[in-house]
Structures are given as C-alpha cells and as structure tokens.
Amino acid sequence: MVSGVFNVWFSANWNTVTDEAVGNTFVEWGKANGGQKVEWQSIPGSPQLLAKQSASLAAGQPPEVVRDNLVYFHSQGEVGNLTDLVNKNKTQAGGMYEIGIRSATAGDGIIIGAPYAIDVWPPQWRIDEIGAVNNGKFFETWDQLIELGPKAQKPPRTYTIAFCLGHEGDHMNNFLTVAWSYGGRLADEKGVPDIKNPANKAAIETIKRMWDAKVIPPDSFAQTITSWNNETYQKGRALVAINPATIMGWLLVNDKELADKTGIAQNPAGPAGSFAEGGALMFNYFKKAKLADKAPSALEYFIQPPNLEKISKSVEGRFVPVYRDHTKTDFWQTSKFAEMRKIAENGRNREYPAAPQPWLAEVTDAKYTISDMMNKVINEGMKIEDAQEWAQKELMDSYTKLSKPA
Amino acid sequence: MAQQQLAIGARHEVARRSPLQRVLGRDWLLSWLMVGPVVLIVLALLIYPFADAILLSFQDRFIGKAGTWIGLDNYVAFFNGVDSGFGKAFVVTFVFTAGAILGKFIVGMAMASVLNQEIPMRNIFRGIMFLPWAVPAVVSAYVWRFLFDTTGPINGMIAEYGWMDDYIYFFNDARIALPALILVTIWSGTPFWTMNFLAGMQAISKELYEAAEIDGADTIRRFWYITLPGLQSVIVVTAMLSTIWTSANLTQIFVLTGGGPNYATTTLPLYAYLTAIPGHRLGAGAAISMVIVPFYMILVYFLTRKMLRQEQES
Amino acid sequence: MAVAAQARPRGSSRGGLRSIGTGWVIATYALLIFFTLWTVVPFFWMFLASVKTNKEIYQDFTFLPRQWYWGHYYDLITGHYGSWMRNSTTVSVAATLLSIILGSFGAYAITRLQFTGRSVIARGLVFTYLLPASLLFIPLFQIVAGVGLSNSVFSLMLIYPSFTLPFCTWMLMSYFKNIPIELEEAALIDGCGRLGVLFRIVLPLAAPALVVVCLFSFTNAWNEFLYALVFISSREQQTVTVGLALMQGEDVFYWGKMMAGALLTALPPVIMYTLAQRLVIQGLTMGGVKG
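So the protein sequences, as listed, match chains A, B and C. Going by my numbering, the first residue of the first sequence is number 10, and it counts up by one from there. Going by my numbering, the first residue of the second sequence is number 4, and it counts up by one from there. Going by my numbering, the first residue of the third sequence is number 921, and it counts up by one from there.
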C-alpha cells in the first residue's frame, strides 16, 4: 500500500453505480480533510475478499476502512470499537432503524459497524401469475403457497418459488424465513446454536411439503451461487423469490416489462407470524492500518444524513435508508417499496434472538450445514429429529471453534 | 568413425577429472551457473511458503490470528472424526483426475495427429484448437455452467424440440455431475496436450516414417512404433504436469458444482480450500493439502526416473 | 546417422495424406470436423451472449439475437478494460521472458550436464506445484509487502515466475531430451563450447517447442486470478482476470458483459499464437539445421 493513501475496500455492490456512490463519498471526505488521498476498491466474491483481507492483515498492510467479515474480525480483535461514534450519530434525521443498530452490535455489546443502509429480504412475486390464482394478492401463508402454487405454475417451464437449498449463502435466509414463522430459530439468546429446537421441526416439514408438492425447481439443491434465485426469477422460471431487492433493481434497469409485473410483499406467515431478514450494511476500520487514526473521522463523515441520502437516492430501492426521515418520501411510503420499509421496522438478523455471531459465516458459506440438513431429510429420507441432531453437532463444532466463551 | 572418436574422448575426460569434479560432478561450475538462477527463484518463492505451510498444518490457526501449536491434531481430525469425508474426497479426486487425464490424452493425441496431417487451412485449425486454453479457467467454467444450466441452450433445445420429457439436471445428479465436470476440464485443458504433442511430432524425422512405409508398415504400426516412442518424454512431462494441475483444479469445480451435489464432486484440494478460507481454518486446510503431497512425490519420482537418466554416463 | 543427417522442412512429408490410406483420410476429416465443433460451439454461445441485451439472455432459447446489442463491448472498452489489458500484458510478458530464458539454461544443464544434485533439483521443481496457490498466497504476499511492492504490477512480475519458471524448465527438458545428442557431441568435438552448443544447435532445433512453451507460459500468467486479486488493490493496476470477475456484483450476474470481456481477454493469447505459427513455419522452411 502506498503510504499516505487511505484505503477503502468493500465487496462489489450489485452494480457499479452503487460502487461509485459509496466509494466517492469517501473520496470527498478525503478532499475535505486536508487533501487526504483516498482509494477505494470493490472486490468480487466472498471467499476471495476474505482471502484478500487476511493476506493484507498477515502482511501488516490492511486497508483502513472495510465492510465485510466484521463480526469475524471483531472476534479476533482487529477492528475498531464504534459504540460512541454510532451512539453520537444515531439520533439524527428521525433516528436510525433499530435493526440497523442491533445487527451492528456484537455479542459483547460493542457496536462494530457504522450502519449506512438496511438490507432487507422481501419476497418478490409475479402479480400476474400469482394474482390470477389468489385474487391479486400474494400468498398469506406457507400453506396457501403449497395449495395454490401448483395452480399458478407450469413445470418444467415455471415453478412457484425459487427456494434456495443448495451450497450457497441464500439458503440460510430462505430456511430461517420459514423457521421463524413457526417460532423456530437458529440460535438462542446467548448465541449458542439451537437448531434442534422443536419448533424448527414444523418448519422443516413445511419445506419438505413444498418440495413434495413440486413447487420448488428440482435443481435447487445443486446450486452454488447466490445469483441462482435472482436469475431464476428474472428468467421467468420462478414466480417468487425471497431475496434482497437486487432482483427488483435489475428488472427496473433491464426488463421493465417484468418489473411492472413484479410485486414486493411480506413473507408468507406461519402460526407464529410473518418474518423477514434485515441487516445493516456497515463500515468499520482495521486498527492496524497505517492511517487508522483518521478512520473514525471518515466513518463519521460517511454516515452523516445528507451524504447517505445522496447514496440512497442514486440506487433508489436497493436498500432501505438507515435514517427514518429518509423513508418519509412517496417512494418509501406508497410505492411497492413500502413493503421493504415495513421489514426494516421489524426485520431480524439471522442469529435472532442473539447478536451477530462469528460462527455464522462458516456455517453458512463453508459448511452449508443447513443446506445439508435439508438434503438429508428430503433426498436421503432421514428422520427430521435425526437430521436436526446432526446439524446441531455441526453447528456446535463451529461455535466452539470460533466463539470466545460468553 | 565419429563413435570411436567419441569413446576415446570420453575416456580422456574421465582421466582428467579434478577431485572437486569427482564430488560435485563433471560440469559442476557451468551447471550451477546455468541452473543457479532457477534454483534461487524457486527457493525464495516456493520453498519458504512451502515450509510455512507445513508448519501451519501443525497449528490451530485462524485467519487473522497467530497460531497455536497442536501437533498432529489436524491430521487426526481429518482422518476420522469431525472432518469426515476423507475417503469420499480421496476417491473423487482419483476418479476425477484419472478420467480427465485419460480423456485429455486421447483427445490430445487424436487432435495432434489430425493437425499434423496435410490438411487445407491447417494453421487456422491449429489456431482454433488453441482457443479453450486461451480463456481463463474461471470464464470457461461459467460458460459451461451456462450451457449446462436448466435454462441454458442444451436444455433449451431439449424443450424446444421435445427430445425428452424433462430437462437434464446436469448438476443435480451425482452420476451426471462428475462426468460433466470431467468433460469441461477436458475441453479447457486438452489444447495443452495437443500442442505439446504437435510440437513433439515436428521433431520426429520424416525419414523414419518413409522408411517404415517402404518396409510396408501400415498407419497404426507407424504410429505405435515411431510416433509414440518419439513422443515419450513429451508424454511423460505433459502427463505429469497435467495430472498435478488437474487434480489441483479449484476454480472450475467451485464454479460448476461447488463440490456437490452432496459432496459428490469434492476433491481433496477443494475440501482443503473450503476449510482454509471460507471456513477460516488455515491450519486444518494446510493439513488436508499436505495429505496428497506424498502420493504425488511418489508419482513424480517414478515418472521422471527415465527422463533424468542421462544418455552419456561417464 | 541417417536420423540427423538432413532435416527436411517440416510438414511436407512425401505423399502427404495419400500415404495413410483412404479409410484414415476419412477418419481424419471426420475427426477434424468433430473437434472443430467441439471447440467452437461454446465460443459461439459466448459470442451470442455478448451481443444480446441482459433481458434477452434470460429469455427463452434463441440462436441469433432478436436485436444485436453492442453495449457490452462499448461499456468495457470505455471503462477500465484498456488499462487492465495493459497491466496483464506487462506482467505476462515479463514473467514469460524471464522464465523462458532462465528455463532454457536450467533445462540444458539438467539434461546435458553432470553435477551432483541434478535429479534432486529437477524433481524439486515439480514438487513446487504440489502446494496450491490457495495456501501459498499469504506467505507470498508477506514477501511482496516486505519488499514494498504490494499494490503494483511489479509484485506480480516477481511472483508469477514461481509457477511459470518450473513449467518452462520441465517442458524444455522434455524437448531437449528429444534432440539427438550426437549433434551436440559432434559440435563439442569440433571445439564448440557448451554455451555455443546451446545457442547454435539446441535452441534452433527446439524452436517450435520454445514457441509453444512461451505461449503456454504467457497464457498461464495471463489467466492467473488469486495472486492478482490479493496483491493488487487499486482499480487502475488490476489485471484483466480480476476485472472480469467483477462482472458479478453481489448476487447479480452480468452475463453479457462477462462473455464480451471473456472474448476480449482470450484475444491476446490467440493473436500471439497465430503470429507465432507463422514464425515457426518461416524458421523451419529456411532449411532448419543441418547436422
């Protein structure tokens, strides 16, 4: 790293416009602060980014500001403590959404990221196809989806829902979206894995019922990239996909026809209600970076409401703005994107009811434990309780290896 | 005549050897001057990280943290307990590599033979045949993924022309996934073999073929008794390098199947990578990588014995 | 010895195809067609995808695009792609030159000279491939950062020989071994020194091989991904492979752009190969080397 250069790294956003909006805000901070030269880099792919971050740390030359793998690096003590910074700024512009702060707070109460946007996972659905069998409305419950889906779909050309079950990150969200609606969960309040919780059994059963009703494309288990459900929906092959608004965003730019036929809704409910995932996008800094002492100033500049408003508007609809005032516009109140705002108000992080955990990344992106558990039940005919036992063992293994004692 | 002069000269050589030469070899000075730079670069750039990785395999080390020494625990864990799947990964690695190498050899040899003939526009065809190698592995992986996809052209044609009732889910079924993967590897890797064989074939004198033809040998015999032996060292080295590279193939497996379905296509190197980087466990990943090394050392040793034997022993 | 006495210009065997019998001729052409299709079809699809709009790529199966869209190429060329190409070229050329030169010396020494440790070194070169880049990259980056070269193309020029050099050396060893040793011995007796033999006899005879090895070495360097990703941190210094990977942002895939980018990326190695073909033919029809 050239000394005197302030480095910002983040995983590639869903398009270059977003990359530029985020990166250039830091550049502006640099200009306004003694002409500090700032270089930003968007980096493709998740394991590669972790590889790059680790190598740079090991070589003693980490970048100053980063966005990814924060929970993990916090557990190694490598990133800054932003509790004061965030608390100072979170009351501006109507206050930050709770989920923004909660998903940025680690198990030990320390805030490990300056949130700048809320990422939510609503279902994106075909108003025309599904509306036709359900009075213009989206499915209200999972049972309804299983019952009415076969009427709306035309396999093998189209299936009801691109439900993610393969070795790719989205499977965790899709599974939990169902599990939560049955009162199930991944971890307990302390962050200890709890997949063997009996409430999860009903959820697993429901997913199996979905599979048996053939409302899920048969190649779901074989998928290995997170863009599968996006593309399946974009190709018109699935009528529903539960995913961040990257799908909607892509449609608005590339396929207005399909965008008009696409709605955003709340997730189907189970007996315990309807739930969706939400989480903050946030930045922090590496303590060992050369210009680490300047980082807090950069972060504080970044999360000032006017700057965030600019970013949010440039990629309208991709994230929910983190400040409540910014969602008082028509776009967020009356258009279909209002559904996303609602999720921001009561969304959950994956480890709910616990704070973000360092073992989650391994389980989701390296071991794919939940995907394998579903595979055992659906394709290997394993009894659900046995599969839960197996998954619990795997999760506990990651937990013990990666968590500091409570 | 020349032969006799040679022999005499050689005997003179032996008599005139200095004590240093007897220990270090006849041409030690010149040799080390010529081979020195290579050795230096390799030592600096590879041996040090290699040693680092060996040490790493005996540690419990997470990305970003310093490691703690745990001796053989990584290896033990890998062979039985929590990190099970060794046996499967081992078999997959073997099947994948063997299948790919065999395929590349056959296709490579066939292609080279064809391109060595007098055919019109031969150079254009040779250029075309090089294309798959010119594309980065990750890109060819994505292209084939696109081709094999449920909504890709192959299935598209199946649906359009009604050849079958349902799509072929190439990567859903373990029985199809591995062969499909091998096919892609063969597609992208064969040019290496083809071109090496071609270059090697150029060096075989046409006289040998003509003499054999006059003697009445048919095409097959000419191939078997002239071409193959003439390509021997090229075959050995190409096979050796290709075997190592093919089995170490990460990108294509990662992109096409991610090791699935259900670990049916997870090779040892992929398993090591998943453990080390997304799994955060550098130590365990290093240990898994080390496990394959002894096999290759043996393979390389025997493959290269003949090659390293020198023609002129003094 | 008849073998080395006269080197005919390559590729002009007497009788050509006639000498292999009609059955084999048919087989030859059949195979040729088959191999060409097998090679070209994926590229055909790549090209088609690169000229379709994002929307059309996802639609039902079509051969030709409903409308030809050149925007992907336009975006690439007006973007950073040019500087990425430049970086990749610089790095690959440097690594290849270094490797082919040092590799020739090393290969000659190992195959023709006698010295202690010869086979250990030779085998040692191959053993270096047994560890994957996915393990080596961290210590290698520490080296690079240690000499202050991180985030520059020089870091790659320094590190790429770690895989191009052993490769070049071994490939050249296999070709050198095929050259009849009698030629060299004759020259040695005539008073030509070892280096002279290398430059005047071995290298010219191995010319086609040198070209092939250069080409593969260049392409290996050109297509390398992991080190390029880790060692370089500024957008202008990136190489083409990392840039291509950026065509996937989050969970969105820009197929059209990636296919266009892939075709552009494949061009330099292919152009090099085509040019090299001509050089080889020229060199050889000039009569080759007389024994």
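Quick reminder that beta carbons are idealized off the backbone N, C-alpha and C, glycines included. Only a predicted model underlies this, so the values are computations on that prediction, with no experimental measurement involved.
Cβ-based neighbour list, C/G1244, same chain, cut-off 7 Å, excluding 5 preceding and 5 following: The displayed coordinates of chain C run from 921 to 1211. Any statement about residue 1244 of chain C would go beyond what the structure contains.
Neighbour-count burial assignment, A/F15, 16 or more Cβ in a 10 Å radius: For the purposes of this step, residue 15 of chain A is taken as the residue at position 6 of the first sequence. With 16 or more other Cβ atoms within 10 Å, it is buried.
Nearest to A/W18 (by Cα), restricted to the options A/L154, A/P305 and A/N293: Residue 18 of chain A sits at position 9 when you count from the first residue of the first sequence. Per the Cα distances, A/N293.
Environment of C/L984 [buried if 16+ CB atoms lie within 10 Å]: As a first step, residue 984 of chain C is located in the third sequence; it is residue number 64 there, counting from the start. By the neighbour-count criterion, in which 16 or more other beta carbons inside 10 Å mark a residue as buried, C/L984 falls on the exposed side.
A/W399: first and last residue of the uninterrupted beta strand (DSSP E) it sits in: For the purposes of this step, residue 399 of chain A is identified with residue 390 of the first sequence, where counting begins at 1. Annotation for A/W399: no beta strand (DSSP E) segment contains it, though the alpha helix (DSSP H) segment containing it runs I393 to L411.
Boundaries (first-last residue) of the alpha helix (DSSP H) holding B/S245: The residue labelled residue 245 of chain B in the question sits at position 242 within the second sequence. Annotation: the continuous alpha helix (DSSP H) that includes B/S245 extends over Q235 to S250.
Chain-ordered neighbours of C/P985 on chain B, where CB pairs are closer than 9 Å: Position 65 of the third sequence, counted from the first residue, corresponds to residue 985 of chain C. The contacting residues do not exist; C/P985 stays about 13 Å from chain B at best.
Under 7 Å from the C-beta of A/P165: neighbouring residues of chain E: Looking at the structure shown, chain E is missing, and the protein chains on hand are A, B and C.
Coil, strand or helix - B/F305 by DSSP: Looking up residue 305 of chain B in the second sequence gives position 302. In the three-state DSSP reduction, B/F305 falls in the helix class (H, G or I).
B/D86 - DSSP class collapsed to helix/strand/coil: For the purposes of this step, residue 86 of chain B is taken as the residue at position 83 of the second sequence. Confidence in B/D86 is poor, its pLDDT being 46 and thus under 50, which makes the residue's placement too unreliable to answer from.
Validate contact between the region 347-360 of chain A and the region 153-169 of chain A using beta carbons, cut 8 Å, 3 pairs: Not touching, per the Cβ criterion.
Buried/exposed call for B/R224, threshold 16 Cβ in 10 Å: Looking up residue 224 of chain B in the second sequence gives position 221. Around the beta carbon of B/R224, fewer than 16 other beta carbons sit within 10 angstroms, so the residue counts as exposed.
Outcome for B/L23 when other beta-carbon atoms lying within 10 angstroms are tallied against a minimum of 16: For the purposes of this step, residue 23 of chain B is taken as the residue at position 20 of the second sequence. Exposed, because fewer than 16 other Cβ atoms sit within 10 Å of the Cβ of B/L23.
Within 7 Å, strictly: CB atoms of B/F97 and B/P194: For the purposes of this step, residue 97 of chain B is taken as the residue at position 94 of the second sequence. For the purposes of this step, residue 194 of chain B is taken as the residue at position 191 of the second sequence. No Cβ-Cβ contact shorter than 7 Å links B/F97 with B/P194.
The region 253-265 of chain B: positions lying closer than 9 Å to chain A by Cβ: Residues of the region 253-265 of chain B that bring their beta carbon within less than 9 Å of a beta carbon in chain A comprise F257, V258, L259, T260, G261, G262, G263, P264 and N265, in sequence order.
Proximity test, Cβ basis, 7 Å: B/V41 and chain C: As a first step, residue 41 of chain B must be located in the second sequence, where it is residue number 38. Put simply, the CB of B/V41 is near chain C, with a gap under 7 Å to one of its CB atoms.
Residues sharing a beta bridge with B/T71, DSSP: For this step, residue 71 of chain B is matched to residue 68 along the second sequence. Bridge partners of B/T71: B/D63.
Distance between B/A140 and B/L253 (C-alpha atoms, nearest Å): For the purposes of this step, residue 253 of chain B is taken as the residue at position 250 of the second sequence. For the purposes of this step, residue 140 of chain B is taken as the residue at position 137 of the second sequence. A direct Cα-to-Cα measurement between B/L253 and B/A140 gives close to 9 Å.
Whether A/P53 touches C/A1165 by CB criterion (7 Å): Here the question's residue 53 of chain A lines up with position 44 in the first sequence. Here the question's residue 1165 of chain C lines up with position 245 in the third sequence. Yes, the pair counts as a contact, with Cβ atoms nearer than the cut-off.
CA-to-CA distance, A/K296 to A/N90, given in whole angstroms: Numbered from 1 along the first sequence, position 81 holds the residue referred to as residue 90 of chain A. Numbered from 1 along the first sequence, position 287 holds the residue referred to as residue 296 of chain A. Distance between the alpha carbons of A/N90 and A/K296: 9 Å.
Cβ-based burial, A/E48 [other Cβ within 10 Å; buried from 16]: As a working mapping, residue 48 of chain A is identified with position 39 in the first sequence. When all chains shown are included, A/E48 counts as buried.
Neighbour-count burial assignment, A/V187, 16 or more Cβ in a 10 Å radius: In the first sequence, the residue the question calls residue 187 of chain A occupies position 178. By the 10 Å Cβ count, A/V187 comes out buried.
Residue range of the unbroken beta strand (DSSP E) whose run includes A/F292: Working through the first sequence from its first residue, we reach residue 292 of chain A at position 283. Note, A/F292: beta strand (DSSP E), G287 to Y294.
Any chain B beta carbon closer than 7 Å to C/W1090: In the third sequence, the residue the question calls residue 1090 of chain C occupies position 170. Any Cβ of chain B closer than 7 Å to the Cβ of C/W1090 would place that residue at the interface, and such an atom is present.
Alpha carbon of A/A368 to alpha carbon of A/A196, nearest angstrom: For this step, residue 368 of chain A is matched to residue 359 along the first sequence. For this step, residue 196 of chain A is matched to residue 187 along the first sequence. What sits at residue 368 of chain A in the sequence shown is Trp, not Ala. Near 11 Å, if we compare the C-alpha coordinates of A/A196 and A/W368.
Test: B/Q120 CB closer than 7 Å to a CB of chain C: The residue given as residue 120 of chain B occupies position 117 in the second sequence. Chain C contact via Cβ: present.
Boundaries (first-last residue) of the beta strand (DSSP E) holding C/V1150: For the purposes of this step, residue 1150 of chain C is taken as the residue at position 230 of the third sequence. Unbroken run through C/V1150 is the alpha helix (DSSP H), L1146 to F1151; no beta strand (DSSP E).
Beta-ladder partner(s) of A/T150, from DSSP: Indexing the first sequence from 1 puts residue 150 of chain A at position 141. Bridge partners of A/T150: A/A278.
Check whether B/P52 and C/L1056 have beta carbons under 7 Å apart: Taking the first residue of the second sequence as 1, we reach residue 52 of chain B at position 49. Taking the first residue of the third sequence as 1, we reach residue 1056 of chain C at position 136. Contact: yes.
Counterpart residues of A/D128 in DSSP-defined beta bridges: Locating residue 128 of chain A in the first sequence gives position 119, where the first residue counts as 1. Beta-bridge analysis with DSSP links A/D128 to A/G288.
Neighbourhood of A/H83 by C-beta distance below 6 Å, restricted to the same chain and skipping five residues each side: Against the first sequence, residue 83 of chain A aligns to sequence position 74. Around A/H83: A115 and I121.
Closest by C-alpha distance to B/V95, when choosing among B/T270, B/R312 and B/V187: Taking the second sequence and counting its residues from 1, the one referred to as residue 95 of chain B is at position 92. Comparing Cα-Cα distances from B/V95 to each of B/T270, B/R312 and B/V187, the minimum goes to B/T270.
Coil, strand or helix - C/T1048 by DSSP: Your numbering for residue 1048 of chain C matches position 128 in the third sequence. The DSSP-derived three-state label of C/T1048 is helix.
One or two residues paired with A/I273 in a DSSP bridge: Position 264 of the first sequence, counted from the start, is the residue given in the question as residue 273 of chain A. Note: A/I273 sits in a beta bridge opposite A/Q133.
Every unbroken alpha helix (DSSP H) within the region 975-1050 of chain C, with a cutoff of 4 residues, ordered by chain: Fully enclosed alpha helix (DSSP H) runs of 4 or longer: 991-998, 1001-1032 and 1038-1047.
Proximity test, Cβ basis, 7 Å: C/L1055 and chain B: As a first step, residue 1055 of chain C must be located in the third sequence, where it is residue number 135. Yes - at least one Cβ of chain B is within 7 Å of the one on C/L1055.
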